[in-house]
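S.K.:
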Amino acid sequence: QMVLGTLLGDGHLSPPGGYVATHGWPQREYLWTKLAVVSEFVLGMPSVSKKNKLGFVSVRFWTVATPEFRSLRALLYPAGTKTVTPAWLTLIDEVGFLPTVACWVADDGSRAGPITSPSLYICTNGFTFPEVDLLCHWLTDHGYSCSTKVRNRYPLVGFTACGAGLLMTDLLP
């Protein structure tokens with residue numbers, strides 16, 4: 008659930024079949040949570056980067072390559088690029104929709120406004136407009152009304168106030 012959800016977000020599968028997680032320094036505790044889930048596949052400690060060109064420090068870890076991660080890579084990167092497909096979304100439904108989406112929201116979700124009229128977006132900069140449309144239809148089919156929005160020329164998932172409120176309530180536990 009965590010791997011599939013974070014792959015919708017900030018996670019990455021390397022070509023040899025290793026899982027990679029990278030976050031900014033302020034999110035380092037969240038990175039440790041991810042590491043705990045896949046710790047049996049991790050050798051060594053997370054690495055801390057030097058400041059990037061914007062002055063930010065990041066922390067990351069990676070797992071060893073495994074047949075399971077290679078299999079996921081083949082499904083999620085059909086042409087070498089991470090691509091949202093119906094097969095990926097079906098797999099998420101099979102392993103657990105809400106826990107998986109919780110990980111995706113934790114990676115790329117952005118909330119604003121009062122709880123009585125919430126605003127929730129999920130950034131999807133790495134995906135195409137048709138992929139984000141597919142995600143929105145899938146989320147709406149699960150009862151969380153949303154549509155594709157645009158921010159800085161990138162598509163993102165924008166929930167209606169009702170869809171945002173319901174999803175945040177359902178994710179709260």
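Note that our numbering has the sequence shown beginning at 8, numbered continuously upward. Where a beta carbon is used, it is the ideal one built from N, C-alpha and C, also for glycine. Values in this document were obtained by computation on a predicted structure and should not be read as measured data.
#1: From the DSSP secondary-structure annotation, give me the bridge partner or partners of Trp111.
#2: Of the choices Tyr26, Ser117, Ile99, whose alpha-carbon is the least far from that of Glu1?
#3: Classify Val45 as buried or exposed, calling it buried when 16 or more other Cβ atoms lie within 10 Å of its own Cβ.
#4: Which residue's Cα is closest to the Cα of Pro23: Gly12, Thr107, Ser78, Gly16?
#5: Rounded to whole angstroms, what's the CA-CA distance from Glu36 to Asn159? Just pull it up for me.
#6: Below 8 Å, how does it come out for the stretch 78-98 and the stretch 50-57: are there three or more Cβ pairs, yes or no?
#7: Give me the residue from Val10, Val66, Cys169, Gln8 with the minimum Cα distance to Ser126.
#8: Beta carbon of Ile99, beta carbon of Thr107: below 7 Å?
#9: Do you know offhand how far Gly165's Cα is from Val139's?
#10: DSSP state of Val139, grouped into three classes?
#11: With H, G and I counted as helix, E and B as strand and the rest as coil, what does DSSP make of Ala86?
#12: When burial is assigned at 16 or more other CB atoms within 10 Å of the CB, is Val64 buried or exposed?
#13: What's the call for Asp17, buried or exposed, on a 16-neighbour Cβ count within 10 Å?
#14: CB-CB under 8 Å to Pro93, same chain, minus the five flanking residues each way: which ones, in chain order?
#15: What residues in its chain sit with their C-beta under 7 Å from that of Trp95, if we drop five residues either side in the sequence?
#16: Going straight from the alpha carbon of Gly172 to that of Leu105, what length do you get?
#17: Residues bridged to Trp69 by DSSP?
M.R.: So, from the listed chains and residues:
#1: Indexing the sequence shown from 1 puts residue 111 at position 104. According to DSSP, which records beta bridges pairwise, Trp111 is partnered with nothing at all.
#2: Since the first residue of the chain shown is 8 and the last is 180, residue 1 is not available in this structure.
#3: For the purposes of this step, residue 45 is taken as the residue at position 38 of the sequence shown. By the neighbour-count rule (16 or more Cβ atoms within 10 Å), Val45 is buried.
#4: Numbered from its first residue, the sequence shown carries residue 23 at position 16. Among Gly12, Thr107, Ser78, Gly16, the Cα nearest to that of Pro23 belongs to Ser78.
#5: Here the question's residue 36 lines up with position 29 in the sequence shown. Here the question's residue 159 lines up with position 152 in the sequence shown. C-alpha separation (whole angstroms): 29 Å.
#6: no
#7: The residue given as residue 126 occupies position 119 in the sequence shown. The shortest C-alpha separation from Ser126 is found at Cys169.
#8: Counted from its first residue, the sequence shown places residue 99 at position 92. Counted from its first residue, the sequence shown places residue 107 at position 100. Yes, the pair counts as a contact, with Cβ atoms nearer than the cut-off.
#9: Counted from its first residue, the sequence shown places residue 165 at position 158. Counted from its first residue, the sequence shown places residue 139 at position 132. The C-alpha of Val139 is placed about 10 Å away from the C-alpha of Gly165.
#10: Within the sequence shown, the letter at position 132 stands for residue 139. Reduced to three states, the DSSP call for Val139 is helix.
#11: Here residue 86 is taken as the residue at index 79 of the sequence shown, counted from 1. Three-state DSSP puts Ala86 in coil, outside helix and strand.
#12: Taking the sequence shown and counting its residues from 1, one reaches residue 64 at position 57. Exposed, since its Cβ has fewer than 16 Cβ neighbours within 10 Å.
#13: In the sequence shown, the residue the question calls residue 17 occupies position 10. With 16 or more Cβ atoms within 10 Å of its Cβ, Asp17 is classed as buried.
#14: Taking the sequence shown and counting its residues from 1, one reaches residue 93 at position 86. So the list reads Leu141, once near-sequence residues are dropped.
#15: By 1-based counting over the sequence shown, the position of residue 95 is 88. Here the set comprises Leu82, Leu83.
#16: In the sequence shown, residue 172 corresponds to position 165, counting from 1. In the sequence shown, residue 105 corresponds to position 98, counting from 1. Each residue's Cα considered, the two are about 14 Å apart.
#17: As a working note, residue 69 is residue 62 in the sequence shown. In the DSSP output, where bridge partners are listed per residue, Trp69 has Val27.
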